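A.B. asks:
Numbering (the numbering used here), first residue to last: 1 to 628.
1) Compare the C-alpha of residue 550 against each of 560, 566, 559 and name the closest.
2) Specify the secondary structure class of residue 106 as computed by DSSP and reduced to three states.
3) Quick one: give me the first and last residue of the alpha helix (DSSP H) that residue 632 is part of.
4) Whose C-beta lies closer than 6 Å to the C-beta of residue 557 among residues of the same chain, with five residues either side of it excluded?
5) Going by other Cβ atoms of all chains shown within 10 Å of its Cβ, with 16 needed for buried, is residue 350 buried or exposed?
6) With three or more beta-carbon pairs closer than 8 Å as the criterion, would you say the segment 56-68 touches the segment 286-299?
7) Are residue 193 and residue 226 close, meaning C-beta to C-beta below 8 Å?
8) Leaving aside the five residues before and after residue 477 along the sequence, list all residues of the same chain whose C-beta is less than 6 Å from its C-beta, in chain order.
9) Would you identify the three-state DSSP class for residue 584, choosing helix, strand or coil?
10) When we look at the beta-carbon of residue 311 and count the other beta-carbons within 10 Å, is it buried (16 or more) or exposed?
11) Rounded to whole angstroms, what's the CA-CA distance from residue 616 to residue 9? Just pull it up for me.
12) Please specify which runs of the beta strand (DSSP E), each continuous and at least 3 residues long, are wholly inside the segment 386-427, giving them in chain order.
13) If you measure between the beta carbons of residue 60 and residue 111, is that distance less than 8 Å?
14) Looking only at DSSP bridge pairs, what is residue 501 linked to?
15) Taking only the alpha-carbon atoms, compute the straight-line gap between residue 426 and residue 400 and give it to the nearest angstrom.
16) On the three-pair Cβ rule with 8 Å, is the segment 252-272 touching the segment 16-24?
17) Using DSSP's beta-bridge definition, name the partner residues of residue 172.
18) Which one of 173, 211, 195, 255 has the shortest CA to CA distance from residue 150?
19) Per DSSP, what are the beta-bridge partners of residue 463 in this structure?
20) Using only CA atoms, which one of 210, 516, 626 lies nearest to residue 559?
21) Using 10 angstroms around the beta-carbon of residue 169, count the other beta-carbons present and answer buried if the total reaches 16, otherwise exposed.
22) Under a CB-based cut-off of 8 Å, is residue 28 close to chain C?
23) Can you check which of these residues, 254, 306, 261, 244, is closest to residue 633 by C-alpha distance?
24) For the beta strand (DSSP E) that contains residue 533, what are its first and last residues?
25) Tell whether a beta-carbon distance below 8 Å holds between residue 159 and residue 174.
26) Determine which residues share a DSSP beta bridge with residue 328 and list them.
27) What are the partner residues of residue 244, as DSSP defines its beta bridges?
28) Restricting to Cα atoms, I'd like to know which of 118, 73, 53 is closest to residue 26.
29) Could you tell me which residues DSSP puts in a beta bridge with residue 439?
30) Can you tell me the Cα-Cα spacing of residue 163 and residue 210, whole angstroms?
31) So, do the segment 484-494 and the segment 441-449 have three or more beta carbon pairs nearer to each other than 8 Å?
32) When we look at the beta-carbon of residue 470 and count the other beta-carbons within 10 Å, is it buried (16 or more) or exposed?
33) I need the DSSP call for residue 599, collapsed to helix, strand or coil.
34) Going along the chain, which residues of its own chain have a beta-carbon closer than 7 Å to the beta-carbon of residue 555, five neighbours each way excluded?
35) Is it buried or exposed for residue 371, if we count other Cβ within 10 angstroms and need 16 for buried?
36) Pick out whichever of 467, 49, 424 has its Cα sitting closest to the Cα of residue 460.
In structure tokens, the structure reads:
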């Protein structure tokens, strides 16, 4: 594999929104890549042997705006029944493409390739079997032998796909890398990319190019950096295959939506992605409108006004590195990313909620919850004549007021944008270390403009803490949350930003505050509540995922700083729990296994006992605390 330092940049520009140029792959009547729009898809959760139920769910997905539908294909029976599902849909006047989702079973892939428009295979288990997490010593000879075995199993599938005009999706998951890859790379971005590239090189060797690539993870940071690395690696080898994007095991409700928007939005922002799926532990048709909003919102950046590029900066887009800043009060210097809701124009949140580090208010005497003692007020100097800064109340200055030196020394907040970084301001900041920068943007491509700001600060040698500020007029809470996550996720995932400040006067103050914490958690920079890693379900699911997730959340949702994985089966179960503290995994019909730190603790207990036993395990491990 190419050295990361030698790879080309993964996108056309860091400052100009442009869709990545990918070859077109035809999936039935639907084109992916090329000049086509970003396509939307979802996956059925019904039994693949239940023709009527699966066809009905396919229809609901398409009616919601989906353009492709993926169906679990465990084995021979399910692969053959794809023909009946297509016939049922055709009888209802439908002819949208179906995708067979195959794990562990090359023979099922062969049968599916004759019946549907695309087959998804997982390079982690197509020929290697289940991941065992064993320490294995793969010398060059053994590694080559494994690749030869993969080629032997893959070539018949490629031949069939050529014959029937069937596309192939090579879909690697963070949770299901092969033992061979794990032995050489571990579960790293390099390992995930290597897993895909092994298969891509074999496809190219046999002159097969109707390929869509995907690399997914529940960890948004891993997912984004890995997809970038894959694109750069493909470019280095002259490959331009289209990409499918998704955050796997994202969860449900607003948490699942925000997490998906952070990961998918970060990649869409740089023009990556030709088809997307938002994976929610909900009915699959609920995923499609979320994907549509993300696609349409980010694509609206096309044709934006130019952003002055920055040159001479140091940046690695393939690994997380927090920007180094010096501390000013509660911000910067390696402190936890701060939350600063802009409460101007809206009511104060109720007491008992998570507390921010600071709030932006109209005046010092603005009402705040009684239990928010110690929360700083950032107060605009304009309109507050005679304002006297204190430890609890900091002046919020615009650039003109700051340069006029109207407030003097002491901690201050300077609201500015990228275009304000002119020589006079830069010179002043070099001699003034007691300033938090509140970075605003009104640019059509605000994400790129704010990124340019950080590069310009680096170029100028300034280390002031920076709080990301974004403003929204949306009255629908869900729309605001998706947009805020998509706008700021890229920056936070790359280590840019010492805090977050959102303004949304039309949404309830509680939603505004919760969104700050949700976005920071989804970007993995601040954990404030239990994180549930739960899969969306499919035909392999061994219990009612939605109901089970609700039960687990009801019992454990109050546990701060814990990650709990709820997995319907073993395909990604153990691996996708790599950084989870506890795992609840389907082990058979009506059976559940419990894990702690990826180690099996309780094997195949009855489902009816599983939630209680999970709570007991958490208590026995010393991670439990009483609600309230």
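For each residue, glycine too, the CB sits at the ideal point set by N, CA and C. Since this is a predicted model, take the numbers as computed values, not measurements.
C.D. replies: By the coordinates alone:
1) Per the Cα distances, 566.
2) It is helical.
3) This structure leaves residue 632 out entirely; the chain is present only between 1 and 628.
4) Excluding five sequence positions before and after residue 557, the CB atoms of its chain that fall closer than 6 Å to its own CB belong to 530, given in chain order.
5) Its Cβ having fewer than 16 others within 10 Å, residue 350 is exposed.
6) The segment 56-68 and the segment 286-299 touch, with no fewer than 3 CB-CB distances between them shorter than 8 Å.
7) Closer than 8 Å, so yes.
8) Excluding residues within five positions, the ones whose Cβ falls inside 6 Å are 507, 511.
9) Of the three classes helix, strand and coil, the one that applies to residue 584 here is strand, per DSSP.
10) In this structure residue 311 is exposed. Its beta-carbon is surrounded by fewer than 16 other beta-carbon atoms within 10 angstroms.
11) When rounded, the distance between both Cα atoms is 49 Å.
12) With a minimum length of 3 residues, the unbroken runs of beta strand (DSSP E) contained wholly in the segment 386-427 fall at 393-397, 412-416.
13) No, they are not a contact pair.
14) For residue 501, the beta-bridge partners assigned by DSSP are 469.
15) A straight line joining the alpha-carbon of residue 426 with that of residue 400 spans about 13 Å.
16) In the pairwise beta carbon analysis, the segment 252-272 is classified as touching the segment 16-24: at least three pairs are separated by under 8 Å.
17) Answer by DSSP bridge pairing, in chain order: 215.
18) Residue nearest to residue 150 within the set 173, 211, 195, 255 is 195 (criterion: CA-CA distance).
19) Answer by DSSP bridge pairing: none, since residue 463 is not bridged.
20) It is 626 whose Cα lies nearest to the Cα of residue 559.
21) By the neighbour-count rule (16 or more Cβ atoms within 10 Å), residue 169 is buried.
22) As a matter of chain content, chain C is missing from the structure shown, which is built from one protein chain.
23) A query on residue 633 cannot be resolved here, the shown segment of the chain reaching from 1 to 628 and no further.
24) 531-534 is the span of the beta strand (DSSP E), which, as asked, contains residue 533.
25) Going by C-beta atoms, residue 159 is not nearer than 8 Å to residue 174.
26) Per DSSP, 331.
27) Residue pairing by DSSP places residue 244 opposite 214, 275 in a beta bridge.
28) Of the candidates 118, 73, 53, the one whose C-alpha sits nearest the C-alpha of residue 26 is 118.
29) Listed as beta-bridge partners of residue 439 by DSSP are 416, 468.
30) Between the alpha carbons of residue 163 and residue 210 lies a gap of roughly 12 Å.
31) With the rule of 3 Cβ pairs closer than 8 Å, the segment 484-494 counts as touching the segment 441-449.
32) So residue 470 counts as buried.
33) Strand.
34) In the same chain as residue 555, and ignoring 5 residues on each side of it, the C-beta atoms closer than 7 Å to its own belong to 611, 615, in chain order.
35) Answer is exposed; the Cβ neighbour count stays below 16.
36) Closest by alpha carbon: 424.
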